[in-house]
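**Q** Mind looking over this structure? Questions follow.
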Amino acid sequence: RPPRRALSTSAVEINERGDILAGHVRFAYAAQVVCGSDQAVAYDAIALPLLSSLKQGFSSTLLAYGQTGSGKTHTMFGPAGALTEASLN
72 RPPRRALSTS
82 AVEINERGDI
92 LAGHVRFAYA
102 AQVVCGSDQA
112 VAYDAIALPL
122 LSSLKQGFSS
132 TLLAYGQTGS
142 GKTHTMFGPA
152 GALTEASLN
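Note that our numbering numbers the sequence shown so that position 14 is 85, with each residue one more than the last.
Here you go:
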């Protein structure tokens with residue numbers, strides 16, 4: 072059996088600002104939106120920058136995660152009928 076090596080540090084860390092570090096890559100998230108904010112605050116902090124990048128030709132992904140029935144689809148797409156071609160113009 073090979074000798075045990077010392078445990079290395081985690082590949083994923085969270086710094087004092089709350090940024091997620093994976094190797095040399097930093098991922099930040101809008102912590103102020105996580106709890107208790109309204110739709111406008113969440114949109115401005117999260118979706119608007121993604122849409123700006125998308126318009127510049129970059130790929131963007133917005134993932135909604137949560138309990139069944141908690142409003143993820145409504146949050147992403149709005150009320151029934153809101154996501155039509157006419158509403159996107």
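Glycine is no exception: its CB is placed at the ideal position from the N, C-alpha and C atoms.
Can you tell me where the alpha helix (DSSP H) with residue 113 in it begins and where it stops?
**A** Its alpha helix (DSSP H) spans residues 110-113.
**Q** So, helix, strand or coil for residue 99, using DSSP?
**A** If DSSP states are grouped into helix, strand and coil, residue 99 belongs with coil.
**Q** List the DSSP bridge partners of residue 91.
**A** Answer is 85, 98.
**Q** Residue 114 to residue 146, Cα distance in whole Å?
**A** If I take the Cα positions, the gap works out to 9 Å.
**Q** May I have the straight-line CA-CA distance separating residue 93 from residue 149, to the nearest angstrom?
**A** If I take the Cα positions, the gap works out to 33 Å.
**Q** Is residue 144 helix, strand or coil when you go by DSSP?
**A** DSSP places residue 144 in helix when its eight states are reduced to three.
**Q** With DSSP collapsed to three states, give me the class of residue 135.
**A** DSSP places residue 135 in coil when its eight states are reduced to three.
**Q** Express the C-alpha separation of residue 138 and residue 87 in angstroms, rounding to a whole number.
**A** Distance between the alpha carbons of residue 87 and residue 138: 28 Å.
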